[in-house]
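A short worksheet on the structure shown next.
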Amino acid sequence: MPPPSIRREAVRGNPLWAIPLAALSTTRERPIFAPSRRPPPPVVVAAPESPMPPPPSPPPKVELHLSLVGTVSGGDQSFGLFIDQASKAVLRLKVGEYYQDWRLRSVHGREAILVHGELSETLKFPRPGEGPLIAGYTLAESAARRHSSHTPDYD
Numbered sequence: 001m002p003p004p005s006i007r008r009e010a011v012r013g014n015p016l017w018a019i020p021l022a023a024l025s026t027t028r029e030r031p032i033f034a035p036s037r038r039p040p041p042p043v044v045v046a047a048p049e050s051p052m053p054p055p056p057s058p059p060p061k062v063e064l065h066l067s068l069v070g071t072v073s074g075g076d077q078s079f080g081l082f083i084d085q086a087s088k089a090v091l092r093l094k095v096g097e098y099y100q101d102w103r104l105r106s107v108h109g110r111e112a113i114l115v116h117g118e119l120s121e122t123l124k125f126p127r128p129g130e131g132p133l134i135a136g137y138t139l140a141e142s143a144a145r146r147h148s149s150h151t152p153d154y155d
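Structure representation (structure tokens):
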């Protein structure tokens, strides 16, 4: 048993001071802060190779089923006249209006620009004789039968 003076010092300081150095033989043989007492290097485990997911498919192309048959450009208002190729319906769209998620962005002379998200389509008047069909004949033929000068050629 250590003398009482060592016990009092241990109480005031480090409690290990009360332990004689001869009792700490293992600490002398393997010092705590020696370079040989480093932990082993971590085991590097290679991550299993996982197949890369396929890149996202591009959004399906949205088709525009309209044909331009007329434009009106005014100072404060512009609009386009279109024929829906599926229903053969005649449409009048002002700049900024939507049809089947397509927005009429602008009208210039013989063309109209429609946008759908980042897609953009420029529709132009058909060439003479290549107009869209209405009930089996072109707009030009229809105008001739009605004795009208308002054809896709007419500006």
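Residue 36 in full-length UniProt numbering is what sits at position 36 of the sequence shown, and the numbering runs on without skipping anything. C-beta atoms are modelled at their ideal positions from N, C-alpha and C, and glycine is treated no differently. These numbers come from a predicted model, not from an experiment.
Using the Cβ count rule (16 or more neighbours within 10 Å means buried), how would you classify T71?
buried
A23 versus R12 - alpha carbon distance
A direct Cα-Cα distance of roughly 21 Å separates A23 from R12.
Where does L119 land, buried or exposed, given buried means 16+ other C-beta within 10 angstroms?
exposed
Could you give the first and the last residue of the continuous beta strand (DSSP E) run that contains R92?
Segment 90 to 94, the beta strand (DSSP E) holding R92.
The beta strand (DSSP E) with E29 in it runs from where to where?
First-last for E29: 25 to 29, but that is the alpha helix (DSSP H), not the beta strand (DSSP E).
Whole alpha helix (DSSP H) runs in the region 50 to 107 with 4 or more residues, listed along the chain?
none
With burial defined as no fewer than 16 other Cβ atoms inside 10 Å of the residue's Cβ, what is the status of P20: buried or exposed?
exposed
For the beta strand (DSSP E) containing A112, name the first residue and the last one.
Counting along the chain, A112 sits inside the beta strand (DSSP E) bounded by residues 111 to 116.
Through-space distance from H65 to D84, alpha-carbon basis
6 Å
Taking only the alpha-carbon atoms, compute the straight-line gap between E49 and V43 and give it to the nearest angstrom.
18 Å
Return the Cβ separation of V95 and S78 in integer angstroms, given the expectation that the two are a contact with Cβ distance under 8 Å.
5 Å
Report yes if the C-beta of P54 is less than 8 Å from at least one heavy atom of the ligand MN; otherwise report no.
Here there are no bound small molecules, and the ligand MN is not part of this structure.
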